[in-house]
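Encoded as structure tokens, the structure appears first; notes follow it.
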Amino acid sequence: MTPADLSRTVLHAVRRAVDEDALRAPVPARVRVERTRPGGSGDYACAVALQLAGPAALPALEVARILRERVAAEPGVGRVEITGPGFLSFTLDAPAESDRAVLAAVREQGLAYGHGGALGDEIHQLHHAREVRAAVTAQAVFRLLVAQGARGRTTCEQAPDPDWARLGVTVNAYGTPPTPLTEIRPVPAGATAGELLERLGPDAARWGLLRAAGHDRAALGPELLVQSEANPLFRVRYAHARARALTRGATALGFTAEAAPYGESPAPYDRAARPLLDLLADHPGVLLAGARHRAPDRVARQLEAVAHAFFGFHDSCPPLPAGDEKPSAAHRARLAIAEAAGTVLAGGLSLLGIRAPEHL
Numbered sequence: 586m587t588p589a590d591l592s593r594t595v596l597h598a599v600r601r602a603v604d605e606d607a608l609r610a611p612v613p614a615r616v617r618v619e620r621t622r623p624g625g626s627g628d629y630a631c632a633v634a635l636q637l638a639g640p641a642a643l644p645a646l647e648v649a650r651i652l653r654e655r656v657a658a659e660p661g662v663g664r665v666e667i668t669g670p671g672f673l674s675f676t677l678d679a680p681a682e683s684d685r686a687v688l689a690a691v692r693e694q695g696l697a698y699g700h701g702g703a704l705g706d707e708i709h710q711l712h713h714a715r716e717v718r719a720a721v722t723a724q725a726v727f728r729l730l731v732a733q734g735a736r737g738r739t740t741c742e743q744a745p746d747p748d749w750a751r752l753g754v755t756v757n758a759y760g761t762p763p764t765p766l767t768e769i770r771p772v773p774a775g776a777t778a779g780e781l782l783e784r785l786g787p788d789a790a791r792w793g794l795l796r797a798a799g800h801d802r803a804a805l806g807p808e809l810l811v812q813s814e815a816n817p818l819f820r821v822r823y824a825h826a827r828a829r830a831l832t833r834g835a836t837a838l839g840f841t842a843e844a845a846p847y848g849e850s851p852a853p854y855d856r857a858a859r860p861l862l863d864l865l866a867d868h869p870g871v872l873l874a875g876a877r878h879r880a881p882d883r884v885a886r887q888l889e890a891v892a893h894a895f896f897g898f899h900d901s902c903p904p905l906p907a908g909d910e911k912p913s914a915a916h917r918a919r920l921a922i923a924e925a926a927g928t929v930l931a932g933g934l935s936l937l938g939i940r941a942p943e944h945l
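Its first residue numbered 586, the sequence shown is counted upward by one per residue in this note's numbering.
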């Protein structure tokens with residue numbers, strides 16, 4: 586069960602409780618679940634009971650008990666606990682089952698993994714200055730919003746710079762609109778689009794403009810072009826290219842990926858895979874948070890984390906057999922994880938408007 590699945594499961598439990606007249610409160614449009622903080626209980630936690638306590642005219646603990654009964658019986662949920670003033674803490678079924686669900690979702694949805702309809706009832710108009718970082722940020726935020734089901738457009742204070750098109754930026758209208766807008770005003774880049782394109786090219790320029798939080802100055806130096814692990818953009822793109830190379834290598838050896846049960850693979854595989862699998866499961870939540878907070882930098886940082894975890898996993902548990910070794914269930918399972926990582930990296934880069942080459 587993915588975090589998005591768990592969110593829908595809890596929301597369904599709320600609807601059932603309301604339909605059964607066990608709870609008299611409006612059903613929220615969405616339910617937010619988060620990974621349990623250090624020292625907490627379970628895999629995920631949710632504060633929906635506290636949110637509904639007031640409208641339901643019941644103590645939060647009572648609301649939590651009503652919902653716990655309905656969530657605990659759902660497939661994929663191992664245990665539901667009530668902690669603190671009324672938080673619901675969820676422990677999912679055996680990790681292998683949850684992990685296979687994540688890998689299956691990535692395989693099925695491809696580059697759209699993490700996209701959804703959470704913001705489907707929202708319409709946004711993003712307004713920005715005639716400045717390259719503001720324009721690129723607004724375009725990336727717009728992509729993230731659309732990926733979560735929202736609609737909208739971007740507008741600029743003045744006629745757009747013609748060079749913006751080479752950075753993948755389009756502006757629907759310019760001038761001062763008559764309605765209140767969401768202002769996108771990051772710290773200016775201190776250079777024009779033409780200057781950045783000449784020095785860095787479109788991909789490195791976009792990464793440099795988007796990687797830093799909007800209130801921080803963007804790093805736009807020659808380090809963005811360095812072909813080494815010290816360059817986060819190179820590391821992310823190289824991780825994607827390496828994942829694709831593993832698929833080609835496996836094909837040449839006559840086997841394909843399979844999300845095999847963990848019991849069929851050696852114990853070190855579990856430990857090495859855990860950070861990467863957790864990041865893959867968190868990816869939909871990161872995309873949604875990036876859209877809600879108008880923060881494409883969150884997506885960039887998560888891609889860096891996925892790339893880092895991918896190489897740690899790859900180096901500890903090679904997905905391809907070596908020498909005379911025959912492909913095993915463990916290799917097929919490792920390849921499934923590596924391919925999922927490559928897909929998440931390509932999808933995230935696409936949302937940022939950056940190419941993910943198959944070869945580097």
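Beta carbons are placed, not taken as given, at the ideal position from N, Cα and C, and that holds for glycine.
TODO: State buried or exposed for GLU605, treating a residue as buried only when at least 16 other CB atoms are found within 10 Å of its CB.
DONE: If you number the sequence shown from 1, residue 605 lands on position 20. Exposed, because fewer than 16 other Cβ atoms sit within 10 Å of the Cβ of GLU605.
Open item on the list: Can you tell me whether GLU619 is helix, strand or coil according to DSSP?
Closed with: Position 34 of the sequence shown holds residue 619. If DSSP states are grouped into helix, strand and coil, GLU619 belongs with the strands.
- [ ] Give a yes or no on contact between the region 725 to 738 and the region 616 to 631, applying the rule of three or more CB pairs nearer than 8 angstroms.
- [x] Counting C-beta pairs closer than 8 angstroms gives fewer than three between the region 725 to 738 and the region 616 to 631, which falls short of the contact rule.
- [ ] Compare the beta carbon distance of PRO787 and PHE840 with 8 angstroms and say whether it is the shorter of the two.
- [x] On the sequence shown, position 202 is the one that residue 787 refers to. On the sequence shown, position 255 is the one that residue 840 refers to. No, the Cβ-Cβ distance between PRO787 and PHE840 is not below 8 angstroms.
Task: Per DSSP, cross-strand counterpart(s) of TYR758 - done: Position 173 of the sequence shown holds residue 758. Sequence inspection shows Ala at residue 758; the Tyr mentioned does not correspond to that position. THR740.
Task: SER850, DSSP secondary structure in three states - done: Your numbering for residue 850 matches position 265 in the sequence shown. Low confidence applies here, because SER850 scores a pLDDT of 42, under 50, leaving its location unreliable; read the following figure in that light. Correct three-state label for SER850: coil.
Open item on the list: Measuring straight from C-alpha to C-alpha, what distance separates ARG820 and GLU889?
Closed with: The sequence position of residue 820 within the sequence shown is 235, counting from 1. The sequence position of residue 889 within the sequence shown is 304, counting from 1. Approximately 7 angstroms, taken between the alpha carbons.
Open item on the list: Which residue marks the beginning of the beta strand (DSSP E) containing ILE651, and which one marks its end?
Closed with: Numbered from its first residue, the sequence shown carries residue 651 at position 66. That residue, ILE651, is in no beta strand (DSSP E); its alpha helix (DSSP H) goes 645 to 656.
TODO: Could you tell me which residues DSSP puts in a beta bridge with HIS709?
DONE: In the sequence shown, counting from the first residue as 1, residue 709 sits at position 124. Paired residue(s): GLY737.
Open item on the list: Quick check on the burial criterion: 16 or more other C-beta atoms within 10 angstroms. Buried or exposed for ASP580?
Closed with: Residue 580 cannot be examined here, being either before or after the span of the chain that is shown, 586 to 945.
Task: C-alpha distance - CYS631 paired with SER674, whole-angstrom precision - done: Position 46 of the sequence shown, counted from the first residue, corresponds to residue 631. Position 89 of the sequence shown, counted from the first residue, corresponds to residue 674. Cα atoms of CYS631 and SER674: separation of roughly 7 angstroms, rounded to the nearest angstrom.
Task: Close-in-space but distant-in-sequence residues of the same chain around ASP678 (CB under 6 angstroms, 5 per side omitted) - done: The count along the sequence shown starts at 1 and reaches residue 678 at position 93. Within its own chain, the residues whose Cβ lies closer than 6 angstroms to the Cβ of ASP678, once the five positions on either side in sequence are excluded, are GLY661 and GLY663, listed in chain order.
Task: Any 3 or more C-beta pairs closer than 8 angstroms across the region 637 to 648 and the region 594 to 614 - done: They touch, by the three-pair rule.
Task: Complete alpha helix (DSSP H) runs within the region 785 to 860 (minimum length 4 residues, chain order) - done: Runs found: 817 to 838.
- [ ] Measure the C-alpha to C-alpha separation of ALA776 and VAL717 and round it to an integer number of angstroms.
- [x] Position 191 of the sequence shown, counted from the first residue, corresponds to residue 776. Position 132 of the sequence shown, counted from the first residue, corresponds to residue 717. Taking the CA atoms as reference points, ALA776 sits about 8 angstroms from VAL717.
Task: Classification of GLY760 by the beta-carbon crowding that lies within 10 angstroms, buried from 16 upward - done: Residue mapping note: residue 760 aligns to position 175 of the sequence shown, counting from 1. Exposed: under 16 other Cβ atoms inside 10 Å.
Task: CB contact flag (ALA941, ARG822, <8 angstroms) - done: Start at 1 with the first residue of the sequence shown, and residue 941 comes out as number 356. Start at 1 with the first residue of the sequence shown, and residue 822 comes out as number 237. Judged by beta-carbon spacing, ARG822 lies within the 8 angstroms limit of ALA941, meaning their Cβ atoms are closer than that value.
TODO: Name, in chain order, the residues that DSSP records as bridge partners for SER935.
DONE: Numbered from 1 along the sequence shown, position 350 holds the residue referred to as residue 935. BP columns for SER935 are empty, so no partner.
Task: Alpha-carbon spacing of LEU795 relative to ARG859, whole angstroms - done: The sequence position of residue 795 within the sequence shown is 210, counting from 1. The sequence position of residue 859 within the sequence shown is 274, counting from 1. Cα to Cα, LEU795 sits roughly 28 angstroms from ARG859.
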